[in-house]
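Trainee:
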């Protein structure tokens, strides 16, 4: 029987479960890092699936593609679009750099009694801030503080932000030239992205991998592009419980047995769209959108715990221990940085900028 509704008919931008979904995805990333940074195999990886963190990041990029392109379609103003993306990403990111460099690191050094505050420390703190301002992490550590850990980085979660912002910029350019509304062009572009992503990833082209940093990055433009495609075609995508169940089965089989995951983003995107419509927890973010703060603060908190405790902590326990300070930092980030920054959008709209 033909479905009665499409995704577009049931999706309400002001009342959906995307905020709750993003919180769950952020927790999945924390789960992976609690194991990996603790030198243990992540549970899903141990049974042959994608890691919870990879699933979380992939889902984030699909949702970003969907939401950001929907934002452009509803308000195709290049300046407003760009300012909103800048206000969403940069202020909290910059404050996070400052907090990690000038609060977390000194606390770690004091607790470890490994170094005093001297010129070299201050210099490294300042360069950590300055060299990473652009979202590209050129200096991952301060005074080699994390040299004995599994990941030699104070905040290894930040690497995705530069790619996400790059995709925002590219989307704005595509939208500015009117290509976003040309569906055939977008499908062709997505096919090209798919071929480039998987062919180069398969042959491990040296130039490509040097440009993309790692194969983990190579999949991200494809994920984002599928999210954009969902936004463009949401009027034609049927809402179906049967399709949801089939997508879950196909997605699980794909991530289990298909090494290069060419269909994985399509199955996952339908699962996410179905969930954002049907999950009963709506408008979760009206009390605060904490997913970004959780994402950018959990990693350095895990590193600090590992550096200062001096004992072996079971990874599951580490996950729960990390949640309390991470949620606290996410709350502070939202309340005093992100929300005030986002409120500036009304100023630009009011002044027609």
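Numbering (this note's numbering), first residue to last: 72 to 424. Cβ coordinates follow ideal geometry from the N, Cα and C atoms, glycine included. Being a predicted model, the structure only gives us computed values, none of them experimental.
(1) Using the C-alpha atoms, what's the distance from residue 399 back to residue 157?
(2) Look up residue 309 in the DSSP assignment and give the residues it is bridged to.
(3) Is residue 216 helix, strand or coil when you go by DSSP?
(4) Kindly indicate the opening and closing residues of the alpha helix (DSSP H) around residue 136.
(5) Report all residues from its chain with a CB closer than 6 Å to the CB of residue 361; omit the five preceding and five following residues, and keep chain order.
(6) Do residue 76 and residue 305 have their CB atoms nearer than 9 Å?
(7) Can the beta-carbon of residue 89 be found less than 9 Å from the beta-carbon of residue 138?
(8) Taking 8 Å as the cut-off, is the beta-carbon of residue 241 closer than that to any non-hydrogen atom of the ligand PLP?
(9) Mind listing, in chain order, the continuous alpha helix (DSSP H) runs of no fewer than 4 residues lying wholly within the region 341-382?
(10) For the structure I just gave you, are there three or more beta carbon pairs, one from the region 94-108 and one from the region 313-320, closer than 8 Å?
(11) Among the residues of its own chain, which have a CB less than 8 Å from the CB of residue 143, if the five just before and after it don't count?
(12) Quick one: what's got a C-beta closer than 8 Å to residue 228's C-beta in the same chain, skipping five residues either side?
(13) So what's residue 101 in DSSP terms, helix, strand or just coil?
(14) Under DSSP, the alpha helix (DSSP H) around residue 183 begins and ends at which residues?
(15) Please say whether residue 389 and residue 373 have beta carbons closer to each other than 9 Å?
(16) In whole angstroms, what separates the C-alpha of residue 87 from that of residue 341?
(17) If contacts are defined as beta-carbon pairs under 8 Å, then residue 339 and residue 322 qualify, I think. What distance do you get, rounded to the angstrom?
(18) Determine the DSSP secondary structure at residue 320, reduced to helix, strand or coil.
(19) Can you tell me whether residue 382 is buried or exposed? The criterion is at least 16 other CB atoms within 10 Å of its CB, across all chains shown.
(20) Comparing alpha-carbon positions, which option in 415, 407, 416 lies nearest residue 163?
(21) Between which two residues does the alpha helix (DSSP H) carrying residue 394 extend?
(22) DSSP three-state label for residue 228, please.
(23) Is residue 251 helix, strand or coil by DSSP?
(24) Considering only C-alpha positions, which residue in the set 218, 307, 334 is nearest to residue 319?
(25) Is DSSP giving residue 153 helix, strand or coil here?
(26) Between which two residues does the alpha helix (DSSP H) harbouring residue 199 extend?
(27) With a cut-off of 8 Å on the beta carbons, I'd call residue 291 and residue 234 a contact; round off their distance for me.
(28) If I measure Cβ to Cβ from residue 118 and keep anything under 7 Å in the same chain, skipping five residues before and after, which residues do I get?
(29) Pick out whichever of 363, 416, 352 has its Cα sitting closest to the Cα of residue 67.
(30) Applying the criterion that 16 or more other CB atoms from any shown protein chain within 10 Å of the CB defines a buried residue, is residue 358 buried or exposed?
(31) Could you name the residues of the same chain whose beta carbon sits closer than 8 Å to that of residue 409, not counting the 5 residues immediately before and after it, in chain order?
(32) Does the distance from the C-beta atom of residue 96 to that of residue 121 stay below 9 Å?
(33) Is the beta carbon of residue 403 closer than 9 Å to that of residue 179?
(34) With a 10 Å radius around its C-beta and 16 neighbouring C-beta atoms as the bar for buried, classify residue 203 as buried or exposed.
(35) When you compare only the Cα positions, how much space is there between residue 397 and residue 255?
Mentor: To lay it out plainly:
(1) 24 Å
(2) 77
(3) coil
(4) 123-145
(5) 401, 405
(6) no
(7) yes
(8) Although the ligand PLP was asked about, the structure shown includes no ligands whatsoever.
(9) Runs of the alpha helix (DSSP H) inside the region 341-382: 362-380.
(10) no
(11) 152, 242, 243, 246, 251
(12) Within the same chain, and ignoring the five residues on either side of residue 228 in sequence, the residues whose Cβ sits closer than 8 Å to its Cβ are 100, 104, 366, 367, 369, 370.
(13) Residue 101 falls in the helix class under three-state DSSP.
(14) Per DSSP, residue 183 belongs to the alpha helix (DSSP H) from 176-183.
(15) yes
(16) 15 Å
(17) 6 Å
(18) Here residue 320 sits in helix by DSSP.
(19) exposed
(20) 407
(21) 386-404
(22) In the displayed model, residue 228 falls within coil according to three-state DSSP, outside both helix and strand.
(23) coil
(24) 334
(25) Secondary structure at residue 153: helix, using DSSP grouped into helix, strand and coil.
(26) Taken as a continuous stretch (DSSP letters only), the alpha helix (DSSP H) holding residue 199 covers 190-202.
(27) That belief holds up - the Cβ atoms of residue 291 and residue 234 are roughly 5 Å apart, short of 8 Å.
(28) none
(29) Since the first residue of the chain shown is 72 and the last is 424, residue 67 is not available in this structure.
(30) Burial call: exposed.
(31) 159, 162, 163, 360, 363, 364
(32) no
(33) no
(34) buried
(35) 43 Å
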